[in-house]
Amino acid sequence: MIRRAWLRAGLVIAAALAPLSTGAHAASGIGDIAGTWINPHGSVKVVTGDCGGRLCGWISWVNAEAMADAQASGVTRLIGTELLRNYRATDAGRWQGEVYVPDMGRTFYSTIDLRGHDRLRISGCILGGFICKSQIWQRA
36 MIRRAWLRAG
46 LVIAAALAPL
56 STGAHAASGI
66 GDIAGTWINP
76 HGSVKVVTGD
86 CGGRLCGWIS
96 WVNAEAMADA
106 QASGVTRLIG
116 TELLRNYRAT
126 DAGRWQGEVY
136 VPDMGRTFYS
146 TIDLRGHDRL
156 RISGCILGGF
166 ICKSQIWQRA
């Protein structure tokens, strides 16, 4: 019982000191989500990382079908497009920002939930978050 109390106290202290020792990434949680992610269809990869203290994500790879769909909508370039924009941490493992949908040319309110080390749930919403569509992305 005493050992558990010490363990909990140690975890609380470590959690309190982590932002001081590792900088902005620890405070925002970006370090946990930074990396390369692939959508459920295996057609788009996005690299996530810091952009001015916020979380952003840029398209790093698309397959031929995704590129053809984009071109049919008038989009000529996908690689390098900022898909995930200006996300801020709202809770541990949760961010709020905007997702850009290139073939629609529109940006939508969005949330990201980190589910373990290797999965993200990305939701894009309309009507002030009343109607949302979500996808589970895997770490690539």
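Under the numbering used here, the residue at position 107 of the sequence shown is numbered 142, and the numbers go up by one with no gaps. Ideal placement from N, C-alpha and C gives every residue a C-beta, glycine not left out. Computed from a prediction, not measured in an experiment: that's the story for all the values here.
> If you draw a straight line from the alpha carbon of A105 to that of P137, how long is it in whole angstroms?
Replying inline: 7 angstroms
>> Tell me the residue span of the alpha helix (DSSP H) that contains I104.
In response: Checking the sequence, you will find Asp at residue 104 rather than Ile. Counting along the chain, the alpha helix (DSSP H) containing D104 begins and ends at 99-107.
> Along the chain, where does the alpha helix (DSSP H) that runs through D67 open and close?
Replying inline: 65-68
>> Spatial neighbours of C160 within its chain, please: C-beta separation below 7 angstroms, excluding the five flanking residues on both sides.
In response: For C160, where only same-chain residues beyond five positions count, the Cβ hits under 7 angstroms are F143, Y144, S145, I166, C167.
> Within 8 angstroms (strictly less), CB to CB, does K80 reach chain D?
Replying inline: Among the chains of the structure shown, chain D does not appear; only one protein chain is present.
> Can you tell me where the beta strand (DSSP E) with G159 in it begins and where it stops?
Replying inline: 154-161
> In chain order, what residues of the same chain lie with their CB nearer than 7 angstroms to the CB of I157, ignoring the 5 residues before and after it?
Replying inline: V134, S145, I147, S169, Q170, W172
> Going by beta carbon distance, what residues of the same chain come within less than 6 angstroms of G176, once the five residues before and after it are set aside?
Replying inline: Outside the shown range of the chain, which is 36 to 175, sits residue 176, and nothing can be said about it.
> Just to confirm, are T116 and W130 a CB contact at a threshold of 8 angstroms?
Replying inline: no
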